[in-house]
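As structure tokens, the structure follows; a few thoughts come after it.
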Amino acid sequence: MPLHSILPASFLNRLVHAETHCCRGIGLHRPTAGRFEYDRAELWADGIIHGLGIALGFVAVSVLVTSLPSDPSPSDLVPILIYSGAMLAVLMISAAYNMWPISPVKWWLRRFDHAAIFVLIAGTYTPFLTRMGGAITPQLLMVIVWAVSLVGIILKIVLPGRFDRLSIGLYLLIGWSGLILWDQILALPSETLWLLGAGAILYTVGVIFHVWDRLRFQNAIWHTFVLLATACHYGAVFTVFAMTESA
């Protein structure tokens with residue numbers, strides 16, 4: 454399962470304070486804490502990271518899809534398409550939000566940027582839970598993960614800047630909920646487990662830079678960690694799904 458990072462309380466507080474006040478006149482909850490203006494070099498660095506991520510994302514999706522049988526069944530193809538769509542959506546929405554100049558449009562993009570995290574978590578779960586077969590627990594968890602993610606998406610888009618602690622709690626809840634399938638997790642290939650663990654660690658370490666507002670290039674560094682963690686979880690999906698097709 455995709456194991457997303459556990460954030461210390463101090464980090465959670467800073468993340469919550471990043472979305473608190475209303476942007477008057479446009480009805481958006483504009484963040485007032487943290488850095489939202491970067492110099493040219495920082496923007497270029499962040500833009501390169503995002504551009505690289507999108508390019509690699511399309512290549513990765515192509516490799517993953519073409520690794521499936523020539524005539525894949527819906528039970529094989531649909532989970533991979535859901536995961537691939539979620540990953541590409543997150544990469545592209547993040548690029549749009551972070552590269553867009555400060556304006557009402559940017560704060561709208563922020564809503565979708567944060568909502569897309571729920572899509573990625575649920576989308577990453579989907580291939581794994583599908584691979585676990587028709588047992589009731591994985592299928593029930595699939596329903597719960599997507600239901601909770603839908604609640605989170607609605608909160609982020611319809612009520613931005615509110616229920617922030619709840620939203621962060623939901624990230625963590627669904628990110629680690631796969632642990633209830635401990636026996637099935639241990640049955641995954643060892644390389645899959647290592648990749649999942651590496652991705653979780655990278656997300657965790659990356660958050661340090663995400664909240665380190667005074668560090669130059671902190672946004673680019675944070676997104677580098679996100680890209681590396683995403684690559685690890687992609688590798689986990691590939692090893693547990695596509696590689697078993699060719700075995």
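To convert, note that position 240 of the sequence shown is 693 in our numbering; the numbers rise steadily by one, no gaps. Note that the Cβ used here is the ideal one computed from N, Cα and C, for glycine as well.
| Asked | Found |
| --- | --- |
| Between L544 and G506, which are expected to be in contact by the criterion C-beta below 8 Å, what is the C-beta distance as a whole number of angstroms? | 5 Å |
| CA-CA distance, L632 and L680? | 24 Å |
| Excluding the 5 residues flanking L496 on each side, which residues of the same chain have their C-beta closer than 7 Å to its C-beta? | none |
| State the DSSP-derived secondary structure class of P580, mapped to helix, strand or coil. | helix |
| Go ahead and pull the three-state DSSP assignment for V598. | helix |
| Output the distance between the C-alpha atoms of P554 and W560, rounded to the nearest integer angstrom. | 10 Å |
| I need the DSSP call for V690, collapsed to helix, strand or coil. | helix |
| Should the stretch 596 to 612 be regarded as contacting the stretch 567 to 586, the criterion being three or more beta carbon pairs within less than 8 Å? | yes |
| Buried or exposed: where does S463 fall if 16 or more other Cβ atoms within 10 Å of its Cβ makes it buried? | No answer about S463 holds up, because its pLDDT of 48 lies below 50 and its placement is not dependable. |
| Consult DSSP for F616 and reduce its assignment to one of helix, strand or coil. | coil |
| Does DSSP classify R669 as helix, strand or coil? | coil |
| Is the distance from the Cβ of P501 to the Cβ of A673 below 9 Å? | As written in the sequence, residue 501 is Ile, which differs from the Pro given in the question. Yes. |
| F616 to I654, Cα distance in whole Å? | 26 Å |
| Buried or exposed: T519, going by 16 or more other Cβ atoms within 10 Å of its Cβ? | exposed |
| How far does the alpha helix (DSSP H) with A494 in it reach, from first residue to last? | R493 to T519 |
| Along the chain, where does the alpha helix (DSSP H) that runs through S529 open and close? | At residue 529 the sequence reads Asp, which differs from the Ser that was named. P527 to M552 is the span of the alpha helix (DSSP H), which, as asked, contains D529. |
| If you measure between the beta carbons of D499 and H676, is that distance less than 9 Å? | yes |
| Taking DSSP as the reference, what is the three-state secondary structure of S556? | coil |
| So A549 and L562 are supposed to be a Cβ contact under 8 Å. How far apart are they, rounded? | 5 Å |
| Can you list, in chain order, the residues of its chain with a C-beta nearer than 8 Å to that of H686? Leave out the 5 residues immediately preceding and following it. | P455, T577, L648, L649 and G652 |
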